[in-house]
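Asker: Residue numbers (this note's numbering): -2 to 429.
Note that the Cβ used here is the ideal one computed from N, Cα and C, for glycine as well.
In this text the structure is predicted, and so the values were computed from the model without any measurement.
Right, I'll just put the structure down here and ask away after.
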C-alpha cells in the first residue's frame, strides 16, 4: 500500500486514486510506516506519474511530496546499495523534473551514472542476477528515458547513457526469456511482480530503443542457455553476486530449468515469501534447487532472510557451443569439489556430476513443475507423461517426494521432486 503502485493501474478511476492520495496526506504527520527511503522512492514516482498523466495540480499534494523528497535526499540508501540505491536515483530524477530542482537532479545524475555502470554487467544483466529485479529496474530505466525525452529541461548526455543501458538490458532479457514469455525463476524471482518481458519489449518499441538479444552471448551473469526447436535449457554456472550485496541470491550453483515445447518441466522452487522464516530459508537452500547437496551442508551459507555467509565460488569453467563444464568449491570445508557438465546433442541432454569424495552422502535434486505427471519410475529412471525419459546412471537410489512449488508470493502448489543418491559419479540423461 505504501508504494501506491495501484494508482496507475487501468482499473482504477482517477478520482478514486486522487482520494486515496489525499487520504494518505491527511494521515502523513502521524504515519511511521512508509517513511523509509525505498517506499518514498516508489511512492514518489507513482504519484508524479499519476499527477502528470491527469494534469492534476494540487498544492497540498505537492507540499507533502516535496517534504518526502527532502527526506529521501537526506537518507539515500548507500548502506544497502543495489536496486535500493538505484530506485533512490530514479525517484530523485522524477522529483527533479517535477519540481525543477537542481539539487535533486545533481544527486540523481550522480547515482544513475555510477550505479548503472556498476550494476549492469557486460552481458547486460542486472548484477543482482534476478530476472524479476532485472525487469523492474529495466522498466524504471525506460520510464526515466520517457521522462527525459518528454521534457526539455536538461540536455547533458544523461539520455544517451540511459538509452544505451536500456538497450543492453533489453538484449539480455530477450536472451533469457523463454519462448512462452516466462522468465527463469532463479534467485529471488516470482511471477506477477514485475512487468512481463513482452510488455517491456513493447514499451521499448514505443520509445524506439533498439536491441538484439538473438546474438547475445551470455557471460558475466553466469547464466547459459541452450535451445533448439524442442527445448530450452537454462543453467547457472556463475558465482553468487554481487559480492557485497547478495541479498537476493540463493544457494543454487549449477542449478537449471528445462522447458520442452514451451512448457515448464524441470523448474526452480521459486519464492513465496520475504518473511524471515523457515519457508524463506528453505526456498533459498541448496535442496530447493536442481543441483547436488553433500549431507545436509549448504553450497553457500544462506541466513537472515537476505544474507549470505561463506559462499561457493566457480574455480574452473570450460565451454563450447554445445556444452559447459564447471567446478565449484562450496564444499571445500569438507574437502570436496563438485564438477558438473551440461552437454547437448539434438534432443538429448546429458548432465554429468563428479564429486571428489566418498565419505559424505551425495544427493542430486530435480524439481518438476506441478503440471508434470510421472508415468513410470524404476530404480534408475523416470518416465514422464509427456514421453520424456530421464535416466540416472550411477544412482544408488531414487526417491520421489512432494514439495511446495511457489506460484507467486503467498501462493504455493504441490509438485513432485526426485532425490537421487549417488557416490562420486552421476550421469543424468534426458531424452525428449
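What residue does the alpha helix (DSSP H) around residue 23 start on, and which one ends it?
Answerer: Taking the first residue of the chain shown as 1, we reach residue 23 at position 26. Run containing residue 23: 11 to 23, per the alpha helix (DSSP H) assignment.
Asker: Could you give the residue range of the beta strand (DSSP E) that holds residue 389?
Answerer: In the chain shown, residue 389 corresponds to position 392, counting from 1. 386 to 405 is the extent of the beta strand (DSSP E) around residue 389.
Asker: Check whether the Cβ atoms of residue 88 and residue 42 lie closer than 8 Å to each other.
Answerer: For the purposes of this step, residue 88 is taken as residue 91 along the chain shown, with counting starting at 1. For the purposes of this step, residue 42 is taken as residue 45 along the chain shown, with counting starting at 1. In this structure, residue 42 lies closer than 8 Å to residue 88 by Cβ.
Asker: Is the separation between the beta-carbon of residue 470 and that of residue 82 shorter than 8 Å?
Answerer: Because the chain here runs from -2 to 429, residue 470 falls outside it and cannot be looked at.
Asker: What does DSSP give as the partner residue(s) for residue 152 in the beta ladder?
Answerer: Start at 1 with the first residue of the chain shown, and residue 152 comes out as number 155. Beta-bridge pairing links residue 152 to no other residue.
Asker: Roughly how far, in whole angstroms, is the beta-carbon of residue 167 from the beta-carbon of residue 132, given that I think they are within contact range, below 8 Å?
Answerer: Residue 167 sits at position 170 when you count from the first residue of the chain shown. Residue 132 sits at position 135 when you count from the first residue of the chain shown. That pair is no contact at about 11 Å.
Asker: From the DSSP output, which residues share a beta bridge with residue 443?
Answerer: Residue 443 is absent from the structure shown; the chain starts at -2 and stops at 429.
Asker: Roughly how many whole angstroms lie between the Cα atoms of residue 249 and residue 101?
Answerer: For the purposes of this step, residue 249 is taken as residue 252 along the chain shown, with counting starting at 1. For the purposes of this step, residue 101 is taken as residue 104 along the chain shown, with counting starting at 1. C-alpha separation (whole angstroms): 39 Å.
Asker: Just curious, the alpha helix (DSSP H) that residue 138 is in, first and last residue?
Answerer: Translated into the one-based positions of the chain shown, residue 138 becomes position 141. 128 to 146 is the span of the alpha helix (DSSP H), which, as asked, contains residue 138.
Asker: Given 8 Å as the limit, is there contact between the stretch 254 to 271 and the stretch 179 to 187, that is, 3 or more CB pairs closer than that?
Answerer: Counting Cβ pairs under 8 Å, three or more are found: they touch.
Asker: What is the rounded straight-line gap between the Cα of residue 47 and the Cα of residue 120?
Answerer: By 1-based counting over the chain shown, the position of residue 47 is 50. By 1-based counting over the chain shown, the position of residue 120 is 123. If you take the alpha carbons of residue 47 and residue 120, they lie about 34 Å apart.
Asker: With DSSP as the reference, label residue 232 as helix, strand or coil.
Answerer: Within the chain shown, the letter at position 235 stands for residue 232. DSSP places residue 232 in strand when its eight states are reduced to three.
Asker: For residue 67, which of helix, strand or coil comes out of DSSP?
Answerer: As a first step, residue 67 is located in the chain shown; it is residue number 70 there, counting from the start. It is helical.
Asker: On the three-state DSSP scale, how would you describe residue 335?
Answerer: Mapped onto the chain shown, residue 335 falls at position 338. In this structure, residue 335 counts as strand in the three-state DSSP scheme.
Asker: Pick out the complete alpha helix (DSSP H) segments inside the stretch 79 to 134, 4 residues or longer, and give them in chain order.
Answerer: Whole alpha helix (DSSP H) segments, 4+ residues: 79 to 96, 99 to 116.
Asker: Looking at C-beta atoms only, is the number of pairs between the stretch 325 to 341 and the stretch 385 to 392 that lie closer than 8 Å three or more?
Answerer: Too few Cβ pairs lie closer than 8 Å, so no.
Asker: Rounded to the nearest angstrom, how far is the Cβ of residue 231 from that of residue 287, given a contact under 8 Å?
Answerer: Within the chain shown, numbered from 1, the residue matching residue 231 stands at position 234. Within the chain shown, numbered from 1, the residue matching residue 287 stands at position 290. The Cβ separation is near 11 Å, so there is no contact.
Asker: Cα-Cα, which of 5, 348, 274, 371 is closest to residue 407?
Answerer: Here the question's residue 407 lines up with position 410 in the chain shown. Residue 274 is the option with its Cα nearest to residue 407.
Asker: Where do the ends of the beta strand (DSSP E) carrying residue 290 lie?
Answerer: In the chain shown, residue 290 corresponds to position 293, counting from 1. Note, residue 290: beta strand (DSSP E), 289 to 291.
Asker: Do you know offhand how far residue 246's Cα is from residue 353's?
Answerer: For the purposes of this step, residue 246 is identified with residue 249 of the chain shown, where counting begins at 1. For the purposes of this step, residue 353 is identified with residue 356 of the chain shown, where counting begins at 1. Approximately 26 Å between the Cα atoms of the pair.
Asker: Can you give the Cα-Cα distance for residue 374 and residue 300, rounded to whole angstroms?
Answerer: For the purposes of this step, residue 374 is identified with residue 377 of the chain shown, where counting begins at 1. For the purposes of this step, residue 300 is identified with residue 303 of the chain shown, where counting begins at 1. Cα to Cα, residue 374 sits roughly 35 Å from residue 300.
Asker: Could you please give the first and the last residue of the uninterrupted alpha helix (DSSP H) stretch that includes residue 418?
Answerer: Translated into positions along the chain shown, residue 418 becomes position 421. No alpha helix (DSSP H) holds residue 418; the beta strand (DSSP E) holding it covers 408 to 428.
Asker: First and last residue of the beta strand (DSSP E) that includes residue 27?
Answerer: If you number the chain shown from 1, residue 27 lands on position 30. Unbroken run through residue 27: none, as it is neither H nor E.
Asker: With DSSP as the reference, label residue 173 as helix, strand or coil.
Answerer: On the chain shown, position 176 is the one that residue 173 refers to. Reduced to three states, the DSSP call for residue 173 is helix.
Asker: Would you call the stretch 141 to 150 in contact with the stretch 234 to 242, where contact means no fewer than 3 C-beta pairs closer than 8 Å?
Answerer: As far as the Cβ criterion goes, the stretch 141 to 150 does not touch the stretch 234 to 242, which means the pair count is below three.
Asker: On the DSSP bridge assignment, give the partners of residue 374 in chain order.
Answerer: Along the chain shown, read from residue 1 onward, the residue named residue 374 stands at position 377. Paired residues: 379.
Asker: Applying the 10 Å Cβ sphere with the 16-neighbour rule, what's the burial state of residue 57?
Answerer: Within the chain shown, the letter at position 60 stands for residue 57. The residue in question, residue 57, is exposed, as its Cβ has fewer than 16 Cβ neighbours within 10 Å.
Asker: Alpha carbon to alpha carbon, how far is residue 86 from residue 106?
Answerer: Walking along the chain shown from the start, residue 86 turns up at place 89. Walking along the chain shown from the start, residue 106 turns up at place 109. Distance between the alpha carbons of residue 86 and residue 106 is about 7 Å.
Asker: Can you look up residue 200 in the DSSP assignment and give me helix, strand or coil?
Answerer: Start at 1 with the first residue of the chain shown, and residue 200 comes out as number 203. Residue 200 falls in the helix class under three-state DSSP.
Asker: For residue 397, count neighbouring Cβ atoms within 10 angstroms of its own Cβ and tell me buried if that reaches 16, exposed if not.
Answerer: Against the chain shown, residue 397 aligns to sequence position 400. It is exposed - the Cβ of residue 397 has fewer than 16 other Cβ atoms within 10 Å.
Asker: So, for residue 314: in the same chain, excluding its five sequence neighbours on each side, which residues have a beta-carbon less than 7 Å away from its beta-carbon?
Answerer: In the chain shown, counting from the first residue as 1, residue 314 sits at position 317. Taken in chain order, the residues that qualify are 234, 323.
Asker: Grouping DSSP H, G and I as helix and E and B as strand, with all else coil, what is residue 47?
Answerer: One-based indexing of the chain shown puts residue 47 at position 50. In the structure shown, residue 47 sits in a helix (DSSP, three-state: H, G or I).
Asker: Please name the residue or residues paired with residue 223 in a DSSP beta bridge.
Answerer: Taking the first residue of the chain shown as position 1, residue 223 is located at position 226. Per DSSP, 230.
Asker: Is residue 299 helix, strand or coil by DSSP?
Answerer: Residue numbering aside, residue 299 sits at position 302 when the chain shown is read from its first letter. It is a strand residue.
Asker: Keeping to the same chain, check which residues put their C-beta closer than 8 Å to that of residue 50; ignore five residues upstream and five downstream.
Answerer: For the purposes of this step, residue 50 is identified with residue 53 of the chain shown, where counting begins at 1. Result list for residue 50: 5, in chain order.
Asker: Note the first and the last residue of the continuous alpha helix (DSSP H) segment covering residue 277.
Answerer: As a position in the chain shown, residue 277 is number 280, starting the count at 1. Counting along the chain, the alpha helix (DSSP H) containing residue 277 begins and ends at 275 to 281.
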